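These protein sequence lines are chains A and B, in that order.
Just so you know, the first sequence maps onto residues 143 to 448 in my numbering.
Just so you know, the second sequence maps onto residues 451 to 768 in my numbering.
Reviewing the structure listed below.
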Amino acid sequence: MNWISNYVRPKINSLFSRREVPENLWRKCDECGTMLFHRELTDNLNVCTSCGHHMAITPRERFDNLFDGGIFTEVKVKAPVADPLQFKDQKKYPDRMKAAQKNTGEAEAMLVAEGQMGGTPIVAAAQDFSFMGGSMGMYVGNAIVAAAERAVELGRPLILFSAAGGARMQEGILSLMQMPRSTVAVEMLKEAGLPYIVVLTHPTTGGVTASYAMLGDVQIAEPNALICFAGPRVIEQTIREKLPEGFQRAEYLLDHGMLDRVTARTEMRDELITIIRMLMGQPPAIKGELPAPAEPAPAEEPADKA
Amino acid sequence: MQYLEFEKPLAEIEGKANELRAMATANQEMDVKAEAAALDKKASELLTDLYKDLSAWRKCQVARHPDRPHCKDYIDALFTEYTPLAGDRNFADDHAVMGGIARLDDRPVVVIGQEKGSDTKTRIERNFGMARPEGYRKAIRLMELADKFNMPVVTLVDTPGAYPGKGAEERGQSEAIARSTQKCLQLGVPLVSVIIGEGGSGGAVAFATANKLAMLEHSVYSVISPEGCASILWKDAEKMREAAEALRLTAQDLKKLGVIDHIIKEPLGGAQRDREAAIASVGKTVSTLLGEMDGMDRSALIQQRRKKFLEMGSKSLA
Ligand SMILES: [Zn+2]
């Protein structure tokens, strides 16, 4: 069967590439200190098997687990003008970009893909905190617009996983302008009557929270994610207010009426399938691992047809 | 008149001229006319020189000048029958945000803006122009009123940014800003916005997502304050001059980048030196920009706004 080779191969590949680096075999949980076997941690979506702490996960790892059989097609994002302000702080912006690209192997801080999740066609976008703090610049804005346009074109819901320290200062005002720009994308989905689901992950702060990340039809957060406009340090420094335990964490926001749900990453996929199928008026899903779609619809056919 | 740090040489000359005049008033036999006139000329030349090519950091200082006209001054001078409307119907009335219905050239409009206050008492009352969630929610409510009754919206932006406080966060500062920006985009009526001083980050975007955005010549609009940027990227808040340059936050750079539509010229030495003239120029520009949208229907206005933001970023300074 075709899907087996497509489905299994990426997992084997990722296993091999990581095995080449022995120090990556074990990872210490930053919360409880438990040493976690790499493979076990990956299988648990980077959630500590001992204490449930949610560690960072890259958009690609997330999509591998989100989409049926780990099969998805990337949605092309228009490349913006590079370094529009010719920004230089202690480093030149293009040098910071190159370093981030080298470290992450990604072009930019957001990945957009289409595919099926529990047999449900979706478009998904995920922000990459490991790429310059996931910061929202013109590329991220373009990615959100591309995701919304593709969702509207295909009549599919958009699921967006946010993770960012805020706007990308090196793009100055043009990063700020991604607040209204991404909001235009949200408006497109709204007009088309398509669900826009936001999954807020750790951390989602600043201008990102104050735009597309807070405008979902349903707002779900991962446990203990920091979600705020002004960060706790800024508040403590400028206002000198003492902040309560758990302030600006997902559960705190849920308590204050700012979120619909807080859901563990390991439960997220099933929950998203359930919610989306109801909002889209589709029959209940068959839960669990589904084989990859027989015909990966408009996807580029994988090179091997073995 | 308060002088900014870079205006100190000017303060000396103008101080001397004033001293001379005071002496002449006290002692009628003294004739200081010629001397005073010479000092005035020198002061005026220096002023022209100082303001000819203001650095980005100096512009930040001018934009924050305490004597600069603020939102309330513009509303009082430019609008008639201003009827303030208060509250977000939820939690409170945010005094950092002024808003209500009024007439501009007899035409009914909704006017909204951040007010920084003009002395210690009003500054505290106005929370230095830093809105809390209820301020954005009040703005949303007023924009909805405008939309319902087909009144154009004029916003006057002057804020260091949204208020970073515990309560503001608990009541959903981010959501309030996001919804206000979204409301701006949904309006089926013209939205003209003017940055009259500081356009500080998300707190400004929530008001300035307009069909037409104008900036006063020495106002600034930025993703972060130069001090904040310096402390994050340079790890040294004292590098605010460098940060201000790098951020391209001046009206002149923003016009080149296609982020704003119009620059409103300020009187020589900044709006604080001739408040009436500055206010009149803003009034004239707002009327002109509103006039440009006469006859556009609801959907055309919404589409124009969307298109503008979608296309933004294609221009580079290079
Ligand atoms: Zn743990």
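Ideal placement from N, C-alpha and C gives every residue a C-beta, glycine not left out.
Remember, it's a predicted structure, so these values are computed and weren't measured experimentally.
>> Can you give me the C-alpha to C-alpha distance between H668(B) and P534(B), rounded to a whole angstrom?
In response: 28 Å
>> Any heavy atom of ligand 1 inside 8 Å of the beta-carbon of T246(A)?
In response: no
>> Taking the beta carbon of R181(A) as the centre, do at least 16 other beta carbons fall within 10 Å, making it buried, or is it exposed?
In response: exposed
> Just the Cα atoms here: how many angstroms apart are D503(B) and L318(A)?
Replying inline: 26 Å
> Can you find a heavy atom of ligand 1 that lies under 8 Å from the Cβ of T408(A)?
Replying inline: no
>> If you reduce the DSSP assignment to three classes, tell me which class Q424(A) lands in.
In response: coil
> Around the C-beta of A445(A), are 16 or more other C-beta atoms found within 10 angstroms, so that it is buried, or is it exposed?
Replying inline: A caution first: A445(A) carries a pLDDT of 47, below 50, which makes its placement in the model unreliable, though a value can still be read off. The residue in question, A445(A), is exposed, as its Cβ has fewer than 16 Cβ neighbours within 10 Å.
> How about W507(B): is its C-beta nearer than 9 Å to some C-beta of chain A?
Replying inline: no
> So what does DSSP say about S672(B), is it helix, strand or coil?
Replying inline: Note: S672(B) maps to strand in three-state DSSP.
> For L767(B), which of helix, strand or coil comes out of DSSP?
Replying inline: coil
>> Once the 5 residues before and after H681(B) are set aside, which same chain residues still bring their CB inside 6 Å of it?
In response: The displayed chain sequence assigns Ser, not His, to residue 681(B). Contacts found: A687.
> Are any of the Cβ atoms in chain B nearer than 9 Å to that of Y354(A)?
Replying inline: yes
> Which of the residues in the region 311–322 of chain A, read from start to end, lie with their CB under 7 Å from any CB of chain B?
Replying inline: M311, G314, I315, L316, S317, L318, M319, M321 and P322
>> With a threshold of 8 Å, are at least 3 pairs of Cβ atoms found where one atom belongs to the region 289–304 of chain A and the other to the region 264–278 of chain A?
In response: yes
> For the region 683–725 of chain B, which segments carrying the alpha helix (DSSP H) assignment without a break, of at least 4 residues, lie completely within its bounds, in sequence order?
Replying inline: Counting only runs of 4+ residues, the alpha helix (DSSP H) found wholly inside the region 683–725 of chain B occupies 690–697 and 701–706, in chain order.
>> Are the CB atoms of G194(A) and A406(A) within a distance shorter than 9 Å?
In response: yes
>> Please state the DSSP three-state secondary structure of D359(A).
In response: coil
> K509(B): buried (16+ other C-beta within 10 angstroms of its C-beta) or exposed?
Replying inline: buried
> Which residues in the same chain as S353(A) place their Cβ atom closer than 7 Å to its Cβ, once the five residues preceding and following it in sequence are excluded?
Replying inline: So the qualifying residues of the chain are M321, S324 and T325.
>> Can you pull the chain A neighbours of F541(B), defined as C-beta to C-beta under 9 Å?
In response: None at all; the shortest Cβ gap to chain A is about 12 Å.
> Does the beta carbon of T176(A) fall short of 8 Å from some heavy atom of ligand 1?
Replying inline: yes
> Helix, strand or coil: which one does DSSP assign to V163(A)?
Replying inline: Residue placement at V163(A) is poorly supported in this model, since its pLDDT is 48, which falls under 50; the coordinates still yield a value, given next. In this structure, V163(A) counts as coil in the three-state DSSP scheme.
> At a Cβ cut of 7 Å, what residues of the region 596–622 of chain B count as close to chain A, listed as they run along the chain?
Replying inline: A612, P614, G615, K616, E619, E620 and G622
> Closer than 9 Å, CB to CB, is C679(B) near chain A or not?
Replying inline: yes
> With 16 as the cutoff for other CB atoms within 10 Å, does K633(B) come out buried or exposed?
Replying inline: buried
> Who are the neighbours of E393(A) on chain B, taking C-beta pairs under 7 Å?
Replying inline: Within chain B, no residue comes near E393(A); the closest Cβ sits about 13 Å away, beyond 7 Å.
> Whose CA, out of A589(B), S568(B) and E761(B), lies closest to the CA of V561(B)?
Replying inline: A589(B)
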